[in-house]
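*Asks:*
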Amino acid sequence: MIDERDAQWTPPDEFDEYRLVRLLGGGSMGQVFLAHDRLLDRAVAIKFLTSVTSENARERFVIEARAAARLQHPNVMGIYRVGELDEHPYLVTEYIRGKSL
68 MIDERDAQWT PPDEFDEYRL VRLLGGGSMG QVFLAHDRLL DRAVAIKFLT
118 SVTSENARER FVIEARAAAR LQHPNVMGIY RVGELDEHPY LVTEYIRGKS
168 L
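All residue numbers in the sequence shown are consecutive under our numbering, ending with 168.
1) Consult DSSP for Ile130 and reduce its assignment to one of helix, strand or coil.
2) As an exercise, report each continuous alpha helix (DSSP H) stretch of at least 4 residues that is fully enclosed by the region 103–158, in chain order.
3) Out of Ile163, Phe128, Val159, which has the shortest C-alpha to C-alpha gap to Asn142?
4) Would you call the CB atoms of Leu91 and Ala112 closer than 8 angstroms?
5) Span of the beta strand (DSSP E) holding Gly92?
In structure tokens form, the structure reads like this:
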């Protein structure tokens, strides 16, 4: 069940080196934003999971992010960072222009 606080949570416009530009999409598990990495001066995508509350789910998220970060292929988006903000896991990836799959 989704906690009502999670359903209403939105990330701040700026955190760490990132500035959120606009919402790209979302669903029941989270939201994806176009963001600007001010440190490296590049566009990135940040996916925030808004409905993950258990510690076990957070650990699985990090394990899957580590596995995905090991993949290096022109047809696989790059993983730049994984973290947590206000108890909400997030994933920073390469921003790829185009339509949602």
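Ideal Cβ placement from N, Cα and C applies to all residues, glycine included.
Fair warning: this is a prediction, and the values are worked out from it, not measured in the lab.
*Replies:* According to the structure data:
1) Looking up residue 130 in the sequence shown gives position 63. Of the three classes helix, strand and coil, the one that applies to Ile130 here is helix, per DSSP.
2) 122–137
3) As a working note, residue 142 is residue 75 in the sequence shown. Residue Ile163 is the option with its Cα nearest to Asn142.
4) Walking along the sequence shown from the start, residue 91 turns up at place 24. Walking along the sequence shown from the start, residue 112 turns up at place 45. Yes, the Cβ-Cβ distance between Leu91 and Ala112 is below 8 angstroms.
5) By 1-based counting over the sequence shown, the position of residue 92 is 25. Per DSSP, Gly92 belongs to the beta strand (DSSP E) from 85–93.
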